[in-house]
Structure formats: C-alpha cells, structure tokens
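Visitor:
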Amino acid sequence: MEIIIAIILGIVEGLTEFAPVSSTGHLILVAHLLEFTGEKAKTFEIIIQLGSILAVVFVFWRRILSILGIKKWQKGEEVGTLSIFHIAIGIIPFGIGGVLFYDFIKEVLFRSGTVVITLIIGGLLMLAAEKWKPHKPTAETLDQVTYRQAFAVGMFQCFALVPGFSRSGATLSGGLLAGMSHKTASEFTFIMAIPIMAAATGKDLFESWNYLTPQDLPLFLTGFFTAFIVALLAIKFFLQLINKIKLAPFAYYRFGLAFLFWIFIL
26 MEIIIAIILG
36 IVEGLTEFAP
46 VSSTGHLILV
56 AHLLEFTGEK
66 AKTFEIIIQL
76 GSILAVVFVF
86 WRRILSILGI
96 KKWQKGEEVG
106 TLSIFHIAIG
116 IIPFGIGGVL
126 FYDFIKEVLF
136 RSGTVVITLI
146 IGGLLMLAAE
156 KWKPHKPTAE
166 TLDQVTYRQA
176 FAVGMFQCFA
186 LVPGFSRSGA
196 TLSGGLLAGM
206 SHKTASEFTF
216 IMAIPIMAAA
226 TGKDLFESWN
236 YLTPQDLPLF
246 LTGFFTAFIV
256 ALLAIKFFLQ
266 LINKIKLAPF
276 AYYRFGLAFL
286 FWIFIL
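Throughout the sequence shown, residue numbering follows this note's numbering, covering 26 to 291 in sequence.
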C-alpha cells in the first residue's frame, strides 16, 4: 500500500511542483485523503522534491552549463547571455526572507488555513498579472531578460515563502508584470528553482536524516523516480501549454482547490 501511495504522491509532486497551483497544497490535501502523515511523510515529501529538481536540471542542462560559464549555449548563431548574476539577483530576496523568517513560517504559517487563503490570493495575483502586464513583452527569450526584470521576479518570489502561494505562481506573475513573455517567465522560473529548491530541500533533508531507514528505501526511491519522470514530462508540456492558455485557468483551478481544502481539511 505504501508503494501505491508513493506513486500517487510522486505523480502529484511531478505535476504540480512547477505549475502555478501550489504543490504544497496538493500534497497536503492528497496525503490527508490517503492518511499518509507524520514525520516519515514529511521526509518523503523532501525526497520527491529532489526528484523534481533533477528533472529541471535534465531539461535545461545546456542552459545551466552556459549560465555557469562552462560551455556557451547556442541556438543557431545566438549565444546565450543569461548569466549567473541574473539568477543570483533573482534568488537573493527569497534567500534573505527565508533565512529571517524560516522558523516563523514553519511554526506559525504552515497550516491548512494559511494554504486556503494563499491559494485564493495567489490566484487573484495571477489574474491581475494577466490584466495589467505590458501589451508587448520586452523579454521574448531568456537572453533578453534584464537585471531589473530578474530582481522584480525575485521580489515577487518572496510571496512564495508563505505555504500555498506557489513559487511558480508568484514568479510567473512577477515576470509578466516586469515585461517577460509567458514562456520566458516560465523558463526563468524553472532555472531559478534549482538553487532555491536544492538549498531548501537539502536543509530539510539534513534535519530529517534520522527518519531515513533502510526499510523505507523502496518507498522513497519509488516516490523519487515517479516525481522525476512525471516532472520531466510536465515541464515540457507546461512550456507548450502556457503560451496557449495563459494564467487565468490556473487561477480558477486554485479557487477550486481552496474550496476542496475548506471541505476536507478545515
């Protein structure tokens, strides 16, 4: 039964981690319905998030090498100019907020009631971003992203410190308002997620190390690889989908998820 639970939660994580719908909210709801809770469940969630991170690295490995200065990414005659400084500018605000408010977030805000509220607020932000974004984006590709736009996305990302807000929902909204296209904002969000998620999950994994046991290895490995494979497919699909349907359908989906939370959790 635990292997089935691992597959289900791995699918949920892979589908929702990089969509603007709050993976935290989905995992809390589904785990509650499956009655999979406790310290082992929390450690399991950390493991499957690592699977999602690996999927991003797999999809964007050429771009990552270019950002690190190891090998320039090229498409035709165009050489990638997105640098590690763009990524650093984007993650610094979130990193500072995480360090200052980590304990407060974990002890006070990590509640089901908070998730319901932030699902709704995040959805409203996404609708606002679609309404008030510039008519013509100034950054149609990653190589047109400016430092100012990277910083703007980083500031919006701070909303995601509150559980349920959705990091991708916040950064996509910030990217649109800063003048990025939907696809560019999505790609920048995915790449910027790598150091942030790696640091956060690494810290949580270190603190949960005592809950890793050989008996649970099949559970953790099943969830990890399920999340990796599903996230790999979901990222590629989402990059094609976002230009077609924009953010509004995801916002309305969040409102529906908040309603389910209110019924089943609160």
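Note that the Cβ used here is the ideal one computed from N, Cα and C, for glycine as well.
1) On the premise that residue 118 lies in contact with residue 179, defined as a C-beta separation below 8 angstroms, what is that separation, rounded to the nearest angstrom?
2) Just to confirm, are residue 176 and residue 121 a CB contact at a threshold of 7 angstroms?
3) Am I right that residue 206 and residue 165 are in contact with their C-beta atoms under 8 angstroms? What's the rounded C-beta distance?
4) Using only the alpha-carbon positions, how far apart do residue 146 and residue 196 sit?
5) Could you tell me the distance, in whole angstroms, from the CA atom of residue 86 to the CA atom of residue 31?
6) Pull up the distance between the alpha-carbon of residue 144 and that of residue 188, whole angstroms please.
7) Helix, strand or coil, according to DSSP, for residue 164 in the structure here?
8) Given this structure, state the Cα-to-Cα distance separating residue 148 from residue 236, to the nearest angstrom.
9) Would you be able to state if there are at least three C-beta pairs under 8 angstroms between the region 73-89 and the region 248-265?
10) What are the partner residues of residue 205, as DSSP defines its beta bridges?
11) Count the other CB atoms within 10 Å of the CB of residue 132; is the residue buried (16 or more) or exposed (fewer)?
12) What three-state label does DSSP hand residue 110 in the structure shown?
13) Just to confirm, is the Cβ distance from residue 283 to residue 141 under 7 angstroms?
14) Could you tell me the distance, in whole angstroms, from the CA atom of residue 192 to the CA atom of residue 61?
15) Would you kindly check if the distance between the Cβ of residue 38 and the Cβ of residue 47 is under 7 angstroms?
16) Helix, strand or coil: how does DSSP classify residue 233 here?
17) Determine the DSSP secondary structure at residue 290, reduced to helix, strand or coil.
18) Less than 7 angstroms separating the beta-carbons of residue 106 and residue 168?
19) What separation, rounded to the nearest whole angstrom, lies between the Cα atoms of residue 267 and residue 44?
20) Based on Cα-Cα distance, which residue from 50, 28, 34 lies nearest to residue 290?
Guide: On the basis of the coordinates in this document:
1) Walking along the sequence shown from the start, residue 179 turns up at place 154. Walking along the sequence shown from the start, residue 118 turns up at place 93. Sure, about 4 angstroms apart at Cβ, within 8 angstroms.
2) For the purposes of this step, residue 176 is identified with residue 151 of the sequence shown, where counting begins at 1. For the purposes of this step, residue 121 is identified with residue 96 of the sequence shown, where counting begins at 1. The answer is no: Cβ separation not under 7 angstroms.
3) Looking up residue 206 in the sequence shown gives position 181. Looking up residue 165 in the sequence shown gives position 140. Your pair residue 206 and residue 165 checks out as a contact, with CB atoms roughly 5 angstroms apart and the cut at 8 angstroms.
4) Numbered from its first residue, the sequence shown carries residue 146 at position 121. Numbered from its first residue, the sequence shown carries residue 196 at position 171. So the alpha carbons of these two residues sit roughly 14 angstroms apart.
5) For the purposes of this step, residue 86 is taken as residue 61 along the sequence shown, with counting starting at 1. For the purposes of this step, residue 31 is taken as residue 6 along the sequence shown, with counting starting at 1. Those two C-alpha atoms are separated by around 27 angstroms.
6) Residue 144 sits at position 119 when you count from the first residue of the sequence shown. Residue 188 sits at position 163 when you count from the first residue of the sequence shown. Cα-Cα distance, rounded: 9 angstroms.
7) The residue you call residue 164 lines up with position 139 of the sequence shown. Reduced to three states, the DSSP call for residue 164 is strand.
8) Locating residue 148 in the sequence shown gives position 123, where the first residue counts as 1. Locating residue 236 in the sequence shown gives position 211, where the first residue counts as 1. So the two alpha carbons sit approximately 35 angstroms from each other.
9) With the cut-off at 8 angstroms, the region 248-265 and the region 73-89 touch.
10) As a position in the sequence shown, residue 205 is number 180, starting the count at 1. According to DSSP, residue 205 bridges with 164.
11) Here the question's residue 132 lines up with position 107 in the sequence shown. Looking at its Cβ environment, which holds fewer than 16 other Cβ atoms inside 10 Å, residue 132 is exposed.
12) If you number the sequence shown from 1, residue 110 lands on position 85. Helix.
13) Taking the first residue of the sequence shown as position 1, residue 283 is located at position 258. Taking the first residue of the sequence shown as position 1, residue 141 is located at position 116. Yes, they are a contact pair.
14) Taking the sequence shown and counting its residues from 1, one reaches residue 192 at position 167. Taking the sequence shown and counting its residues from 1, one reaches residue 61 at position 36. In a straight line, the C-alpha of residue 192 is about 24 angstroms away from that of residue 61.
15) Counting from 1 along the sequence shown, the entry for residue 47 is found at position 22. Counting from 1 along the sequence shown, the entry for residue 38 is found at position 13. Result no, Cβ atoms of residue 47 and residue 38 do not sit closer than 7 angstroms.
16) Locating residue 233 in the sequence shown gives position 208, where the first residue counts as 1. Residue 233 falls in the coil class under three-state DSSP.
17) Reading the sequence shown from its first residue, position 265 is the one you call residue 290. In the displayed model, residue 290 falls within coil according to three-state DSSP, outside both helix and strand.
18) By one-based count along the sequence shown, residue 106 stands at place 81. By one-based count along the sequence shown, residue 168 stands at place 143. With respect to the 7 angstroms criterion, residue 106 and residue 168 are classified as neighbours on the basis of their beta carbons.
19) Locating residue 267 in the sequence shown gives position 242, counting from the first residue. Locating residue 44 in the sequence shown gives position 19, counting from the first residue. Pairing residue 267 with residue 44, the inter-Cα distance amounts to about 10 angstroms.
20) If you number the sequence shown from 1, residue 290 lands on position 265. Checking every option, the nearest Cα to that of residue 290 belongs to 50.
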